[in-house]
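Peer 1:
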Amino acid sequence: MLGIGILLGGFLGWLLTKSKFSGEKVKLEVELKSLTEKLLEKEKDIDKLTLETKELRTENISLMENCVHLETKLNEERRAYEEKLSLLNEAQMKLSDTFKALSAEALKTNNESFLELAKTTLEKYQEGAQHDLEMRKKAIDQIVAPLKESLEKVDTKIEQLEKARTAAYSSLHEQVKNMANQQALLHNETSNLVKALRTPNVRGRWGEIQLKRVVEIAGMLEYCDFYLQESVTTEDGTLRPDMIVRLPNNKNIVVDSKTPLMAYLEALEAKDEATKEAKLKEHAKQVRNHINQLAQKNYWAQFKPAPEFVVLFLPGESFFSAALEQDPSLIEYGSNEQVILATPTTLIALLRAVAYGWRQEQIAENAQVISELGATLYSRLITLVDHFNDLGKSLNRTVQSYNKAIGSFENRVLVSARRFKELGVSGEEEIKTLDIVERTPRDVFLGLDESEVG
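Quick note on numbering that gives the first Met the number 0: the sequence shown kicks off at 0 and runs consecutively.
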C-alpha cells in the first residue's frame, strides 16, 4: 500500500509540473510573437535609414560633379590666358620684325623708341598678369584642397552609416535567434538549479550571472555598469543596485536582482498542496515587500541623477508567473511605485529598446556632422566662384590694354610707316595688320544667393 501511495503521489506531481510548463510555453509563444512584431518595426526603421543613406550618397555625387566641373573651367580659363599671352608675344615679335625690315635710316630712331615703349608696356602688363595668375592659382589651390578633404569626410561618414546599418540589422536577427535558444535552455535548466539555489551565496551568484547574460544578449555591455556586492544593504540599511543602465541625455535606469526566492524554492519541494499554496503566497508577499524597499526615497537618493525608474529583475520566468498567480496586482502596484518587474525575456526587450535609442543618438550626431560639412563645403564653393570672377575681370583688363596698344600702333605708327612706301622706301614684306582680341571671360554663378547658405 505504501508503494502504491508513493507511485500515486509521483504521478500527481508529474501532472502538476506538466500543466505548469504548458502554461509557460503559451506565455513564451506570446512573447515571441510580440518580439517578432518589434523586429518588423525595426526592419522598417532600417529601410528608412537605407533611404536616407542613398539620398546622402546622391548629394555627395552631385557635389563631386560640381567640383570636377569647376576644375575643368579653371583649366579652360588657364589655357585661354596662355593663348592670349602667346598672342602678345607674337605681336611683339611681329612689331620687331616689321621695323627691322625698314631700311630707311630715318625710321631707325622711331623704330627703336616704339619697340622700347611697346616692350616696356607689354612687359608691364605681362608681369602683372603673370603675378595675378600665380596669386589666383595659389588661392584656388588653397580652396580646392579643403574642398577635397570635405568631400572625403562626407564619403567616410556615409560609409560608416552604411556599415552601422548593416551591423545593426544582422545583430538584431542574431539576438532574436539567441533569445529563443536561451529560453529553451532556461526551461531545461530550471529543475537542475533548484537544489543549488537553496544556498544563499549560490543563489545570489546565479542571479548576477543571469543578469549579465541578459545584458550580453541585448548587446548593452557598453552602456551598463555592474555593482556586484556580497552585502545587500549599506550602513543606513539602503539596498545597493546590481546594475545601472545609462540612457541618452544623461538619464539612467537602476536594476536590482536581489529578490527573495527562498519561499518559492520551498514551494517546489512541498509535500502537499496546502503547504505549496502557502509558500507561493509567501513568495508573492516577499516580492511585494521588495518592491516597497526599492520605492523608498532613501534608495533613490543615492543616485545622481535620479533614475527614470527601478527594474526589479526576477532571474527566471517561473518566479514571476508564480508571484503573479498569487497576487495579480503586482505589475500595477510596482508601476505606481516606479518599480518595473522584469524577467530575462522582458529585460532583454527593454535593453534592446535602449540600445536602439543609443544607435539613434549616434546617427543624429553623424547627421549633424554631415550637415556642418555640407555648410562648410558650400561656403568654400562661394569663395571659389568669387576667385574665378576676379580672375575673369583681370583677364578682361589685360585684353582691353592689349587692344588699346594695337589701336595706338595702327593710328599713330603704321600711318607714318605706310607713307615711306609712297616715297619709295619699303622692305621686302608688307607690314601685317594686328588683330584685336574680342573674347571676354564668362562670369561664374553658383545658382544660389549667399543668404541661402546654412
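All C-beta atoms, glycine included, are put in the ideal place defined by N, C-alpha and C.
Measure the C-alpha to C-alpha separation of V452 and Y377 and round it to an integer number of angstroms.
Peer 2: Against the sequence shown, residue 452 aligns to sequence position 453. Against the sequence shown, residue 377 aligns to sequence position 378. Because V452 sits at a pLDDT of 43, beneath the cut-off of 50, its placement in the model cannot be relied upon, and the following sentence gives the value as read from the coordinates. Their Cα atoms are separated by approximately 7 Å.
Peer 1: In this structure, does DSSP put F408 in helix, strand or coil?
Peer 2: In the sequence shown, counting from the first residue as 1, residue 408 sits at position 409. The answer is helix: DSSP assigns F408 an H, G or I state.
Peer 1: Where does the unbroken beta strand (DSSP E) through F312 begin, and where does it stop?
Peer 2: For the purposes of this step, residue 312 is taken as the residue at position 313 of the sequence shown. V309 to F312 is the extent of the beta strand (DSSP E) around F312.
Peer 1: Is the separation between the beta-carbon of P259 and that of Q285 shorter than 8 Å?
Peer 2: Within the sequence shown, residue 259 is the residue found at index 260, counting from 1. Within the sequence shown, residue 285 is the residue found at index 286, counting from 1. It is a contact, given that the beta carbons lie within the stated cut-off.
Peer 1: Should K278 be labelled buried (16 or more other beta-carbon atoms within 10 Å of its own) or exposed?
Peer 2: Sequence index remark: in the sequence shown, residue 278 carries index 279 (1-based). Buried.
Peer 1: Per DSSP, which residues does N251 bridge with? Please list them.
Peer 2: In the sequence shown, counting from the first residue as 1, residue 251 sits at position 252. According to DSSP, N251 bridges with R245.
Peer 1: With a cut-off of 8 Å, do at least 3 Cβ pairs link the region 286–296 to the region 332–346?
Peer 2: The answer is yes - the region 332–346 touches the region 286–296, with three or more Cβ pairs under 8 Å.
Peer 1: Starting from V286, follow its DSSP beta bridges and name the residues at the other end.
Peer 2: Residue numbering aside, residue 286 sits at position 287 when the sequence shown is read from its first letter. BP columns for V286 are empty, so no partner.
Peer 1: Once the 5 residues before and after F312 are set aside, which same chain residues still bring their CB inside 7 Å of it?
Peer 2: Position 313 of the sequence shown, counting from 1, holds the residue named residue 312. The residues are L210, V254, D255, S256, A341 and L346.
Peer 1: Is DSSP giving A341 helix, strand or coil here?
Peer 2: Within the sequence shown, residue 341 is the residue found at index 342, counting from 1. The answer is strand: DSSP assigns A341 an E or B state.
Peer 1: Please state if the CB of A167 and the CB of R358 are separated by a distance shorter than 8 Å.
Peer 2: Along the sequence shown, read from residue 1 onward, the residue named residue 358 stands at position 359. Along the sequence shown, read from residue 1 onward, the residue named residue 167 stands at position 168. Contact: yes.
Peer 1: Am I right that R475 and T49 are in contact with their C-beta atoms under 8 Å? What's the rounded C-beta distance?
Peer 2: Any question about residue 475 goes unanswered here, given that the chain covers just 0 to 453.
Peer 1: Would you kindly check if the distance between the Cβ of L150 and the Cβ of L62 is under 8 Å?
Peer 2: For the purposes of this step, residue 62 is taken as the residue at position 63 of the sequence shown. For the purposes of this step, residue 150 is taken as the residue at position 151 of the sequence shown. In contact: L62 and L150 (Cβ atoms closer than 8 Å).
Peer 1: Looking at the secondary structure, which residues open and close the alpha helix (DSSP H) in which S256 lies?
Peer 2: Numbered from 1 along the sequence shown, position 257 holds the residue referred to as residue 256. Per DSSP, S256 belongs to no alpha helix (DSSP H) and is neither H nor E.
Peer 1: What is the C-beta distance between N395 and K156, in whole angstroms, given that I count them as a contact (C-beta under 8 Å)?
Peer 2: Taking the sequence shown and counting its residues from 1, one reaches residue 395 at position 396. Taking the sequence shown and counting its residues from 1, one reaches residue 156 at position 157. The Cβ separation is near 41 Å, so there is no contact.
Peer 1: Are P306 and I252 closer than 8 Å when you measure CB to CB?
Peer 2: Taking the first residue of the sequence shown as position 1, residue 306 is located at position 307. Taking the first residue of the sequence shown as position 1, residue 252 is located at position 253. In this structure, I252 lies closer than 8 Å to P306 by Cβ.
Peer 1: Find out if the Cβ-Cβ distance for the pair L34, A348 is shorter than 8 Å.
Peer 2: As a first step, residue 34 must be located in the sequence shown, where it is residue number 35. As a first step, residue 348 must be located in the sequence shown, where it is residue number 349. The answer is yes: Cβ separation under 8 Å.
Peer 1: Taking the CB atoms as reference points, tell me whether E219 and V353 lie closer together than 8 Å.
Peer 2: Residue 219 sits at position 220 when you count from the first residue of the sequence shown. Residue 353 sits at position 354 when you count from the first residue of the sequence shown. The sequence as given places Met at residue 219; Glu does not occur at that position. Contact flag set, yes.
Peer 1: Taking the alpha carbon of L160 as the point to measure from, which residue in Q399, E360 and T71 has its own alpha carbon closest?
Peer 2: Residue numbering aside, residue 160 sits at position 161 when the sequence shown is read from its first letter. Residue E360 is the option with its Cα nearest to L160.
Peer 1: Do H289 and A322 have their C-beta atoms closer together than 8 Å?
Peer 2: Locating residue 289 in the sequence shown gives position 290, counting from the first residue. Locating residue 322 in the sequence shown gives position 323, counting from the first residue. Going by C-beta atoms, H289 is not nearer than 8 Å to A322.
Peer 1: In the DSSP assignment, what are the bridge partners of C223?
Peer 2: For the purposes of this step, residue 223 is identified with residue 224 of the sequence shown, where counting begins at 1. Per DSSP, V244.
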